[in-house]
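Anchor point for the sequence shown: position 29 equals 629 in my numbering, and the numbering is continuous, going up by one each time.
Backbone N, C-alpha and C define an ideal beta-carbon position, used for all residues, glycine too.
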Amino acid sequence: MTETEQTYAEIRDAYAARRPESRAAYARARRWLPGGETRSVTHYGPFPAAILRGHGATLTDADGLEYVDLVNNYTSLVHGNAHPRLVEAIRSTVGEGSAFAAVHPTQLDLAEEIAERVESIELVRLTNSGSEASALAARIARHATGRRTLIVATGGYHGGVPPFSDADEPDVVQVPYGDDAALEAALTPDVAAVFLEPFLGAGGVVPAPEGYLAAAQLAAHRVGALFVLDEVQALRNHPRGTQGALGLSPDLTLMAKIIGGGLAIGAVGGRSGLLELTAATRPGHLSHAGTFNGHVAAAAAGFESLRLLDAEAIATLNARAEVLAAAVAREAATAGTSAVMTRAGSILNLHPVVDGETVTDTNAHGQWRSALHLALMDLGIYTTPRGMINLSTALTDADLSRVADAYAEALTKVGPAA
Ligand SMILES: Cc1ncc(COP(=O)(O)O)c(C=O)c1O
């Protein structure tokens, strides 16, 4: 065993030794759920901590261990866990009935709030998830243009259902993110739409090069294709969405996560001419089914979540994230471990620097990422295994300085990525 392997094994053993209840919960989960989970990204070795409760920025696991929550259900809990106003919105809505086969005022409140924030959005269609929103946008784009091909970025993520779930989906072409020339070359006359995130989110929190998104929008329009901006993660970063900050005007916008206030939701917003294609009033309309589309409690909580996330809250989140990224970079340098936090607004990802290069491919240096993740967990900091973290309004400055200290300690323990 090399010294590095020895260190990683010690970190794993220390993690496992303190978590007998989580280990038992994992054994039970494996009996009933394939692989002991029902959402691939929630698995990590040796076994995941069984989280039982969350209040504000604090999570508690089955062994009674507490964590500062920097996962926030993968960027959906922008106000942390069980925010009293969101809990009250859910409780009061569900107390009057949880789901009706009818349009409900909470859906209208949410749609209106979204359309008021994001200038390009004239009409809104609600779904149960961002994945469903992406799938619906693909259908709208294909229906509107009579074309099949969709362009996405390599490393881009638009959800876990077709046509975006697998790398080899038919009629989906990948181009390197940030590469104007590659996009231009892929824009054949059969392209229905270009789907891009304002930054690669699941792909390692990699910001777009300056001007890339505006050029992509222009290029798509030049060949009669739609420009679809996936703001599922990015919406939180600017009061008018990332598109507002960059002066973009996408034909369709994808949203989810923060617009559900902690519950399951998704939405497609955009130009009325496109969204109207789904209107039931229209002969031959594009039917959009879904028993729980725009669930009343999710819509109610999402409306409150957006109202709480005003320009001041967003500015504070982004400023704190900037301070944290700088602090971690400093600590990493002091620890003699080259690591960098990439950042888009209040979403960040720690990456190793190897041979002077920041390795943003989150599949690379898996053991280093995993050791760091478990070391941070053992210091009471809950991060994602791939290194992505994000801030909530529930975090205090004291929480964040504790987080920076924990990164220093964990980086020192784990050492540099080989
Ligand atoms: C940019 C982006 N688009 C779409 C999705 C899919 O959203 P959901 O998980 O709600 O289906 C995600 C989820 O992480 C995402 O990050």
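Of the residues Lys1013, Gly635, Thr727, the one placed nearest Lys857, counting alpha carbons only: In the sequence shown, the residue the question calls residue 857 occupies position 257. Closest option to Lys857, Cα to Cα, is Thr727.
Length of the line joining the Cα atoms of Ala657 and Arg1002: The residue given as residue 657 occupies position 57 in the sequence shown. The residue given as residue 1002 occupies position 402 in the sequence shown. Taking the straight line joining both Cα atoms gives about 13 Å.
Distance, Val678 Cα to Glu904 Cα: Indexing the sequence shown from 1 puts residue 904 at position 304. Indexing the sequence shown from 1 puts residue 678 at position 78. Cα to Cα, Glu904 sits roughly 12 Å from Val678.
Reduced DSSP secondary structure (H/G/I, E/B, other) of Ala627: By one-based count along the sequence shown, residue 627 stands at place 27. Of the three classes helix, strand and coil, the one that applies to Ala627 here is helix, per DSSP.
Enclosing beta strand (DSSP E) for Gln774 [first to last residue]: Here the question's residue 774 lines up with position 174 in the sequence shown. It spans 772-776 - the beta strand (DSSP E) in which Gln774 sits, taken as one unbroken run.
Gln833, buried or exposed, once every other Cβ within 10 Å from all chains shown has been counted against 16: Taking the first residue of the sequence shown as position 1, residue 833 is located at position 233. Buried.
Beta carbon of Val823 nearer than 8 Å to that of Phe795: To locate residue 823, count along the sequence shown from 1; it is residue 223. To locate residue 795, count along the sequence shown from 1; it is residue 195. In this structure, Phe795 does not lie closer than 8 Å to Val823 by Cβ.
Beta-carbon proximity of Arg943 to Val805, cut-off 8 Å: The sequence position of residue 943 within the sequence shown is 343, counting from 1. The sequence position of residue 805 within the sequence shown is 205, counting from 1. A contact, by the Cβ cut-off of 8 Å.
Expected contact under 8 Å - CB spacing of Ala898 and Leu863 to nearest Å: Residue numbering aside, residue 898 sits at position 298 when the sequence shown is read from its first letter. Residue numbering aside, residue 863 sits at position 263 when the sequence shown is read from its first letter. Going by Cβ atoms, the distance from Ala898 to Leu863 rounds to 4 Å, so yes, they are a contact pair.
Classification of Met941 by the beta-carbon crowding that lies within 10 angstroms, buried from 16 upward: Looking up residue 941 in the sequence shown gives position 341. So Met941 counts as buried.
For Arg653, the residue or residues it bridges with in DSSP: Your numbering for residue 653 matches position 53 in the sequence shown. Partner(s): Thr660.
Cβ neighbour criterion (16 or more within 10 Å) applied to Pro952: The residue you call residue 952 lines up with position 352 of the sequence shown. It counts as buried.
Spatial distance of Ala609 from Thr602 (CA atoms): To locate residue 609, count along the sequence shown from 1; it is residue 9. To locate residue 602, count along the sequence shown from 1; it is residue 2. Answer to the nearest angstrom: the Cα atoms are 10 Å apart.
Beta-carbon separation (whole angstroms), Gly945 vs Asn963, contact threshold 8 Å: By one-based count along the sequence shown, residue 945 stands at place 345. By one-based count along the sequence shown, residue 963 stands at place 363. The Cβ separation is near 24 Å, so there is no contact.
Ser734 to His743 span [Cα, whole Å]: In the sequence shown, counting from the first residue as 1, residue 734 sits at position 134. In the sequence shown, counting from the first residue as 1, residue 743 sits at position 143. Taking the straight line from one Cα to the other gives about 14 Å.
C-alpha distance - Leu582 paired with Gln606, whole-angstrom precision: What the structure shows of the chain is the stretch from 601 to 1018, and residue 582 is not part of that stretch, so it cannot be assessed.
Closest by C-alpha distance to Tyr757, when choosing among Asn949, Val896, Glu912, Glu831: To locate residue 757, count along the sequence shown from 1; it is residue 157. Out of Asn949, Val896, Glu912, Glu831, Glu831 has the C-alpha closest to the C-alpha of Tyr757.
Selected residue, minimal CA-CA separation from Gln707, among Ser970, Leu908, Thr960, Ala901: Numbered from 1 along the sequence shown, position 107 holds the residue referred to as residue 707. Checked all of Ser970, Leu908, Thr960, Ala901; the closest Cα to Gln707 is Ala901.
Helix, strand or coil at Leu882 [DSSP, three-state]: Along the sequence shown, one-based indexing puts residue 882 at 282. The residue you asked about is not Leu; residue 882 is Arg in the sequence shown. Coil, per DSSP.
Option nearest Asp846 by Cα separation, candidates Tyr812, Ser992, Leu1011: What you label residue 846 is simply residue 246 of the sequence shown in a count that begins at 1. Looking at the sequence itself, residue 846 is Leu, so the reference to Asp does not match. When only C-alpha atoms are compared, the closest one is Tyr812.
Residues sharing a beta bridge with Pro952, DSSP: Indexing the sequence shown from 1 puts residue 952 at position 352. Per DSSP, Ala939.
Burial state of Pro789 (16 or more Cβ within 10 Å): Numbered from its first residue, the sequence shown carries residue 789 at position 189. Exposed, by the Cβ-count rule.
4 or more residues per run - each alpha helix (DSSP H) lying fully within the region 715-761: 730-745
Inter-residue CB distance, Tyr1007 and Val928 (contact presumed, cutoff 8 Å): To locate residue 1007, count along the sequence shown from 1; it is residue 407. To locate residue 928, count along the sequence shown from 1; it is residue 328. Going by Cβ atoms, the distance from Tyr1007 to Val928 rounds to 5 Å, so yes, they are a contact pair.
Val832 CB to nearest heavy atom of ligand 1 below 7 Å: The residue you call residue 832 lines up with position 232 of the sequence shown. Checking every heavy atom of ligand 1 against the Cβ of Val832, one is found closer than 7 Å.
Near ligand 1: Leu826 beta-carbon under 7 Å from a heavy atom: For this step, residue 826 is matched to residue 226 along the sequence shown. Not so, every heavy atom of ligand 1 lies at least 7 Å from the Cβ.
Given Ala699 as reference, the closest of Arg717, His895, Pro705, Asp780 once Cα atoms are compared: Residue 699 sits at position 99 when you count from the first residue of the sequence shown. Among Arg717, His895, Pro705, Asp780, the Cα nearest to that of Ala699 belongs to His895.
Exposure label - His885; buried when at least 16 CB within 10 Å: Taking the first residue of the sequence shown as position 1, residue 885 is located at position 285. His885 should be labelled exposed.
Expected contact under 8 Å - CB spacing of Tyr644 and Pro985 to nearest Å: Stepping through the sequence shown from its first residue, residue 644 is reached at position 44. Stepping through the sequence shown from its first residue, residue 985 is reached at position 385. About 4 Å; that satisfies the 8 Å criterion.
For Asp661 and Leu652, believed in contact at Cβ under 8 Å, the rounded distance: In the sequence shown, counting from the first residue as 1, residue 652 sits at position 52. In the sequence shown, counting from the first residue as 1, residue 661 sits at position 61. That belief holds up - the Cβ atoms of Leu652 and Asp661 are roughly 6 Å apart, short of 8 Å.
Touch test, the region 860-874 against the region 686-698, Cβ-Cβ under 8 Å, three pairs minimum: yes
Glu797: CB within 7 Å of a non-hydrogen atom of ligand 2: Here the bound small molecules are ligand 1; ligand 2 is not part of this structure.
The region 910-924 touching the region 710-725, judged by at least three CB pairs closer than 8 Å: no
Residue interval of the alpha helix (DSSP H) (run including Phe903): Residue numbering aside, residue 903 sits at position 303 when the sequence shown is read from its first letter. Its alpha helix (DSSP H) spans residues 896-908.
Cβ shell of Ser872 (< 6 Å), same chain only, five flanking positions each side left out: The count along the sequence shown starts at 1 and reaches residue 872 at position 272. Contacts found: Glu722, Leu723.
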